[in-house]
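J.: Okay, here's the structure, questions in a sec.
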Amino acid sequence: MDVNRGLSGNSNGFDRAWPDDATRIPDWIYTDQDVYKREIEKIFLGRHWNYVGLECEVPEPGSYMRSYVGPFPVVVTRDMDGALHVFENRCAHRGVEFCREYRGKADSFICPYHNWTYDLKGDLTAIPFRRGVKGKGGAPKDFEMSEYGLRRFRVSTRGGVIFATACEDLESIEDYLGPEICAEFDATFDGTEFTLLGVHRNILPSNWKLYQENLKDPYHATLLHTYLTTFGLFVSSNESNIPTDKYGRHGGLLSRRPEGRPDVSEEEKSNMQAFKQTMELNDPRVLKFFPEADSKWSGSVLTIFPTLTALRQTNILNTRLLVPRGPNEFMMLWTVFGRSDDDEEMTRHRLRQNNIFGPAGFLGIEDNEALKFLQDGIRKAMPREGLAVLGEDDEATDTLITERAIRGMYRYYRDVMGF
Amino acid sequence: MATVIQNKAGTLRDARLEIEEFNYAYAETLDQMDVDSWAEFFSDDAFYQVIARDNFESGLPLGLIYCEGKAMMKDRAYALLNTEMFAPRYLHLTITNTRALSSDTDGIRASANYTLIETLVEEPSRVQQVGKYRDLFVRDAEGALKLKERVCIYDSVMIDNCLVFPV
Chain U
30 MDVNRGLSGN
40 SNGFDRAWPD
50 DATRIPDWIY
60 TDQDVYKREI
70 EKIFLGRHWN
80 YVGLECEVPE
90 PGSYMRSYVG
100 PFPVVVTRDM
110 DGALHVFENR
120 CAHRGVEFCR
130 EYRGKADSFI
140 CPYHNWTYDL
150 KGDLTAIPFR
160 RGVKGKGGAP
170 KDFEMSEYGL
180 RRFRVSTRGG
190 VIFATACEDL
200 ESIEDYLGPE
210 ICAEFDATFD
220 GTEFTLLGVH
230 RNILPSNWKL
240 YQENLKDPYH
250 ATLLHTYLTT
260 FGLFVSSNES
270 NIPTDKYGRH
280 GGLLSRRPEG
290 RPDVSEEEKS
300 NMQAFKQTME
310 LNDPRVLKFF
320 PEADSKWSGS
330 VLTIFPTLTA
340 LRQTNILNTR
350 LLVPRGPNEF
360 MMLWTVFGRS
370 DDDEEMTRHR
380 LRQNNIFGPA
390 GFLGIEDNEA
400 LKFLQDGIRK
410 AMPREGLAVL
420 GEDDEATDTL
430 ITERAIRGMY
440 RYYRDVMGF
Chain C
11 MATVIQNKAG
21 TLRDARLEIE
31 EFNYAYAETL
41 DQMDVDSWAE
51 FFSDDAFYQV
61 IARDNFESGL
71 PLGLIYCEGK
81 AMMKDRAYAL
91 LNTEMFAPRY
101 LHLTITNTRA
111 LSSDTDGIRA
121 SANYTLIETL
131 VEEPSRVQQV
141 GKYRDLFVRD
151 AEGALKLKER
161 VCIYDSVMID
171 NCLVFPV
């Protein structure tokens, strides 16, 4: 293995060889601009379903919202017939990013620069002075408005979750997820109607893939997140399962909280440097659990390649969209929701419990900080390779102290990227 | 009649001065990261929420921080001081434009602007949050002001990484 490859390697990125050892992950996949450009082509515009939002965010005919396919700004709309559309947020004329509101209702979009007008399907419906003035100027005689609609993506939904793809012949969402992950996806998105509770937004100075890694990494959960063990929400001896799809691109971290307090073994305590003797919360309502999904798992974190994570943790329901902004930074849009039949007390319970997640949540703070530190290490230090050596690739899926799912994602990534 | 109005205006002016003193002490406490003492600025049944302006204006209730009662604030204080991992930082909370808006049997309605500037190791200082407080003050048994409600509505919707301490 050539640990100096990054120092001596060619800057174009594509002749860089991945180390032979699958437990080594090279630095350059997190920092290299050329790798990032290749991800856009092979991943975000490639054969993948990109999560763009929830149906409850565009609930009515005429509803729209800003979103992203990979790094590209898009608009998600529901037309007057109730059908969903996803198109580029970029005027076909000069390229203006015309939709500037987070969300709203509209019957058309008018680019502010030259007033080119589009309907809710993204079709061009009007351009001012098309015939010029006094017989002079205007659009060419053969200008066909139907040729200048906004660039559209194919749309599909499952359980109220909206996906878009640039690929014309992609498999169904069900086949894309594969049976193991689709079953867990359906346990959360079970066909009930959801209600939007709000959106968190933050910029994280880290590569987008590190967030997928983080949620495929059960090893860090009790070590970084002392809140979980301190207040008895999760310990390493909880019953768990870590399924992946057959390609390794999607994954799940599933866990079941025991009734009452979990036992923290002496073995666990001795391994957790930051372990605090378990405490009782002054207000234990935050951790109450009202079973609501047809699933044995009280905690389900799904990582859907490339940029969706879906969380059902006790009664917290959220999706996170990772929006890459170059190799060293991404934006996170956390969509937090409840169910339409929640009463006022259940809504308040969800709002209280959401103190755990989000960019000021007890887990959110730590993950965001750790990933910032990690990108700093990768970006600033002498190039080398990261290790993902824990666990075995053919282990039982209830193994918790493992990095199997991270290795699985990169097996798939290398295949798609041609590394 | 004119006297009454003047008295009322005078009362609100006095209330504003008292709230300004309160807010200065509040900001100093958070600058010192003394979150345990921060919880003591609130009544036991207080509501404290930090909410993005776009959520607030859309009627979406999700809080970045959402505390029903001082017990939840104490739990957050304990977690921050004993369980949370975050980079070392200096905090600089500035509270300005304090207004006492009205006073009745519920308490004193007030508002103020706030700015939280954070400075991390080897990084330039940057604005972490800028927003507006919507407050309801009451008096405890000793007559001291306590917050019964502080809703912090932040304009800085796109958060730089994370918000560690309350505002």
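Same order as they appear, the protein sequences are chains U and C. So for the first sequence, the working numbering puts the first residue at 30; every next one is plus one. So for the second sequence, the working numbering puts the first residue at 11; every next one is plus one. Where a beta carbon is used, it is the ideal one built from N, C-alpha and C, also for glycine. In this text the structure is predicted, and so the values were computed from the model without any measurement.
1) Show which residues of chain C have a CB atom less than 7 Å away from the CB atom of U/T259.
2) Anything in chain C within Cβ reach of U/P255, meaning under 7 Å, just list it in chain order.
3) Per the contact definition of three or more C-beta pairs closer than 8 Å, is the segment 82–100 of chain C in contact with the segment 26–34 of chain C?
4) Would you mind listing the beta strand (DSSP E) stretches within the segment 414–439 of chain U that are 3+ residues and don't spill past its ends, in chain order?
5) Would you say U/A112 touches the ligand NAD, meaning its beta carbon is less than 8 Å from a heavy atom?
6) By DSSP, does U/N41 sit in helix, in strand, or in coil?
7) Can you confirm whether C/M82, when its beta carbon is compared against all beta carbons of chain U, has any partner nearer than 9 Å?
8) If you check the beta carbons only, do U/L362 and U/V228 fall under 9 Å apart?
9) Would you call U/G111 buried or exposed, if buried means 16 or more other Cβ atoms sit within 10 Å of its Cβ?
10) List the residues of chain C that U/I232 touches, going by C-beta distances under 9 Å, in chain order.
11) Based on DSSP bridge pairs, tell me the residues matched to C/C162.
12) Quick one, are the C-beta atoms of U/D136 and U/G91 less than 9 Å apart?
13) Could you check what DSSP says for C/Q42 in three-state terms: helix, strand or coil?
14) My assumption, with CB atoms under 8 Å, is that U/G188 sits in contact with U/D152. Please give the rounded CB distance.
15) What does U/I69 touch in chain C if you count any residue whose Cβ is under 7 Å from its own?
16) By Cβ distance below 8 Å, which residues in the same chain neighbour U/E197 in space, the five residues on each side in sequence not counted?
17) Which residues in chain U have a C-beta closer than 8 Å to the C-beta of C/N65? List them in chain order.
18) For C/E159, which residues in the same chain have their Cβ closer than 8 Å to its Cβ, ignoring the five residues on either side in sequence?
19) Where does U/P3 fall in DSSP's three states?
20) What is the DSSP secondary structure of U/G189, reduced to helix, strand or coil?
21) Scan the segment 104–138 of chain U for residues whose Cβ lies nearer than 8 Å to a Cβ of chain C and list them as they occur along the chain.
22) C/L103 lies in the beta strand (DSSP E); which residues open and close that run?
23) Report the residue from U/Y439, U/R436, U/M438, U/P412 whose alpha carbon sits nearest the alpha carbon of U/H61.
24) Rounded to a whole number of angstroms, what is the C-alpha to C-alpha distance between U/A417 and U/Y442?
25) With DSSP as the reference, please indicate the residues paired to U/V87 in a beta bridge.
26) What separation, rounded to the nearest whole angstrom, lies between the Cα atoms of C/L126 and C/N33?
27) Which residues in the same chain have their Cβ closer than 6 Å to the Cβ of C/V45, if we skip the five residues on either side of it in sequence?
28) Under 9 Å Cβ-Cβ, which residues of chain U neighbour C/V60?
29) Does C/I169 come out as helix, strand or coil in the three-state DSSP assignment?
30) Check the C-beta distance from U/F260 over to U/L310 and give it rounded, since I have them as a contact under 8 Å.
31) Thinking U/R285 and U/S327 are a contact (beta carbons under 8 Å), I'd like their distance in whole angstroms, please.
32) Tell me, which residues are paired with C/I75 by DSSP?
33) When the Cα of U/Y205 is compared with those of U/L233, U/G387, U/R278, which residue comes out closest?
34) With a Cβ-Cβ cutoff of 9 Å, do U/G75 and U/A212 count as a contact?
35) Which whole-angstrom value is the C-beta distance of U/L380 and C/L72, which I expect to be below 8 Å?
36) List, in order along the chain, the chain C residues whose C-beta lies closer than 7 Å to that of U/I394?
T.: Looking at the coordinates:
1) The residue you call residue 259 of chain U lines up with position 230 of the first sequence. Taking a Cβ-Cβ threshold of 7 Å, the residues of chain C close to U/T259 are T93, in chain order.
2) Here residue 255 of chain U refers to the residue found at position 226 of the first sequence. Before going further, note that residue 255 of chain U is Thr rather than Pro in the sequence given. Per Cβ cutoff of 7 Å: T93.
3) Because the criterion of three Cβ pairs below 8 Å is not met, the segment 26–34 of chain C and the segment 82–100 of chain C do not touch.
4) List check, beta strand (DSSP E) in window: 414–416.
5) As for the ligand NAD, it is missing from this structure, which has no ligand bound.
6) For the purposes of this step, residue 41 of chain U is taken as the residue at position 12 of the first sequence. With a pLDDT of only 43 at U/N41, under the threshold of 50, the placement of this residue in the model should not be trusted; the figure read from the coordinates follows. DSSP places U/N41 in coil when its eight states are reduced to three.
7) On the second sequence, residue 82 of chain C is found 72 positions in, with the first residue counted as 1. It does; some Cβ of chain U falls within 9 Å.
8) Looking up residue 362 of chain U in the first sequence gives position 333. Looking up residue 228 of chain U in the first sequence gives position 199. With contacts defined by Cβ atoms closer than 9 Å, U/L362 and U/V228 form a contacting pair.
9) By 1-based counting over the first sequence, the position of residue 111 of chain U is 82. Exposed, since its Cβ has fewer than 16 Cβ neighbours within 10 Å.
10) In the first sequence, counting from the first residue as 1, residue 232 of chain U sits at position 203. Annotation: Cβ neighbours of U/I232 in chain C (cutoff 9 Å, chain order): M168, I169, D170, N171.
11) For the purposes of this step, residue 162 of chain C is taken as the residue at position 152 of the second sequence. Looking at the DSSP output, C/C162 shares a beta bridge with C/V60, C/Y143.
12) Taking the first sequence and counting its residues from 1, the one referred to as residue 136 of chain U is at position 107. Taking the first sequence and counting its residues from 1, the one referred to as residue 91 of chain U is at position 62. In this structure, U/G91 lies closer than 9 Å to U/D136 by Cβ.
13) In the second sequence, the residue the question calls residue 42 of chain C occupies position 32. Under the three-state reduction of DSSP, C/Q42 is assigned to coil, being neither helix nor strand.
14) For this step, residue 188 of chain U is matched to residue 159 along the first sequence. For this step, residue 152 of chain U is matched to residue 123 along the first sequence. No, U/G188 and U/D152 are not in contact; Cβ-Cβ is about 29 Å, not under 8 Å.
15) Against the first sequence, residue 69 of chain U aligns to sequence position 40. Per Cβ cutoff of 7 Å: no residues; U/I69 is ~22 Å from chain C at best.
16) Locating residue 197 of chain U in the first sequence gives position 168, counting from the first residue. The beta carbon of U/E197 lies closer than 8 Å to those of R183 in the same chain, with the five residues before and after it left out.
17) Taking the second sequence and counting its residues from 1, the one referred to as residue 65 of chain C is at position 55. Listed by position along chain U, the residues whose Cβ is nearer than 8 Å to that of C/N65 are G227, V228.
18) Your numbering for residue 159 of chain C matches position 149 in the second sequence. Here the set comprises A56, F57, Y58, R144, D145, L146.
19) Here chain U covers residues 30 to 448 and nothing more, so residue 3 of chain U does not appear.
20) For this step, residue 189 of chain U is matched to residue 160 along the first sequence. U/G189: coil per DSSP, three-state reduction.
21) Residues of the segment 104–138 of chain U whose Cβ lies closer than 8 Å to any Cβ of chain C, in chain order: Y131, R132.
22) For the purposes of this step, residue 103 of chain C is taken as residue 93 along the second sequence, with counting starting at 1. For C/L103, the uninterrupted beta strand (DSSP E) run begins and ends at 99–114, by DSSP.
23) Counting from 1 along the first sequence, the entry for residue 61 of chain U is found at position 32. A small correction: the amino acid at residue 61 of chain U is Asp; His does not occupy that position in the sequence shown. Closest option to U/D61, judged by alpha-carbon separation, among U/Y439, U/R436, U/M438, U/P412: U/P412.
24) Indexing the first sequence from 1 puts residue 417 of chain U at position 388. Indexing the first sequence from 1 puts residue 442 of chain U at position 413. If you take the alpha carbons of U/A417 and U/Y442, they lie about 15 Å apart.
25) Here residue 87 of chain U corresponds to residue number 58 of the first sequence, with the count starting at 1. In the DSSP assignment, U/V87 forms no beta bridge with any residue.
26) Mapped onto the second sequence, residue 126 of chain C falls at position 116. Mapped onto the second sequence, residue 33 of chain C falls at position 23. Taking the straight line joining both Cα atoms gives about 13 Å.
27) As a working note, residue 45 of chain C is residue 35 in the second sequence. Closer than 6 Å at the Cβ level, and outside the excluded window around C/V45, lie A87, L90.
28) Taking the second sequence and counting its residues from 1, one reaches residue 60 of chain C at position 50. Within 9 Å Cβ-Cβ: A389.
29) Within the second sequence, residue 169 of chain C is the residue found at index 159, counting from 1. If DSSP states are grouped into helix, strand and coil, C/I169 belongs with the strands.
30) Here residue 260 of chain U refers to the residue found at position 231 when the first sequence is read from its first residue. Here residue 310 of chain U refers to the residue found at position 281 when the first sequence is read from its first residue. With a contact defined as Cβ atoms closer than 8 Å, U/F260 and U/L310 qualify at about 6 Å.
31) Translated into positions along the first sequence, residue 285 of chain U becomes position 256. Translated into positions along the first sequence, residue 327 of chain U becomes position 298. About 5 Å separates the two Cβ atoms, so the contact holds.
32) Indexing the second sequence from 1 puts residue 75 of chain C at position 65. Bridge partners of C/I75: C/V60.
33) In the first sequence, counting from the first residue as 1, residue 205 of chain U sits at position 176. Of the listed residues, the one whose Cα sits closest to U/Y205 is U/R278.
34) Along the first sequence, one-based indexing puts residue 75 of chain U at 46. Along the first sequence, one-based indexing puts residue 212 of chain U at 183. U/G75 places its beta carbon 9 Å or farther from that of U/A212.
35) Locating residue 380 of chain U in the first sequence gives position 351, where the first residue counts as 1. Locating residue 72 of chain C in the second sequence gives position 62, where the first residue counts as 1. Right, their Cβ atoms sit about 7 Å apart.
36) Indexing the first sequence from 1 puts residue 394 of chain U at position 365. Those within 7 Å of U/I394 in chain C are E94, F96, C172, V174.
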